[in-house]
Amino acid sequence: MAKEKIKAPAFDDIVFEHRNKEYGAYSLRKKYKRNLLISLLLSLIILSTAIITPYLNAKAAESKAQKTERQVEIQMENLDQPQESVAPPPPPPPPPPSDVVQQARYVPPVV
Numbered sequence: 027m028a029k030e031k032i033k034a035p036a037f038d039d040i041v042f043e044h045r046n047k048e049y050g051a052y053s054l055r056k057k058y059k060r061n062l063l064i065s066l067l068l069s070l071i072i073l074s075t076a077i078i079t080p081y082l083n084a085k086a087a088e089s090k091a092q093k094t095e096r097q098v099e100i101q102m103e104n105l106d107q108p109q110e111s112v113a114p115p116p117p118p119p120p121p122p123p124s125d126v127v128q129q130a131r132y133v134p135p136v137v
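Under my numbering, the sequence shown has 123 at position 97, and the numbering climbs by one with no breaks.
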């Protein structure tokens with residue numbers, strides 16, 4: 027004999043059997059699992075985004091730093107050397123001052 031699965035009524039159907047199912051509580055209970063799953067998935071997406079974003083920013087900054095550190099080897103051949111301009115010699119120093127004139131010493135007046 028094959029076992030027949032008898033579909034048992036859900037708990038919500040039992041609770042709302044002889045009651046008004048149109049006012050909203052019945053539909054809220056029916057959609058509870060779906061709403062719970064959606065909210066769980068959204069929270070996981072937001073949390074993973076918050077965790078992954080700093081990691082990706084660090085990787086981007088690291089790759090940008092590596093790009094700026096390029097080294098290029100240049101071969102310099104047959105370059106004309108710039109001519110060094112000779113600076114004019116400095117002017118001669120001024121002549122030493124002539125002899126200082128003797129000055130009389132200040133003597134306080136006698137009273």
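Don't be surprised by glycine CBs; every beta carbon is placed ideally from N, CA and C.
Small disclaimer: the values here were computed from a predicted structure and weren't measured.
Looking only at Tyr49, Arg55 and Glu48, the smallest Cα-Cα distance to Phe37 is reached by Arg55. For Lys56, the enclosing alpha helix (DSSP H) begins and ends at Ala51 to Lys56. Taking the Cα positions, Gln92 is about 42 Å away from Ser111. If only uninterrupted beta strand (DSSP E) runs of at least 3 residues are considered, none is enclosed by the region 70-103. Taking C-beta atoms as the reference points, Tyr52 and Phe42 count as a pair closer than 8 Å. Rounded to whole angstroms, Leu63 and Lys90 show a C-alpha spacing of 40 Å. For Pro122, there are no CB contacts under 7 Å within the same chain when 5 residues up- and downstream are skipped.
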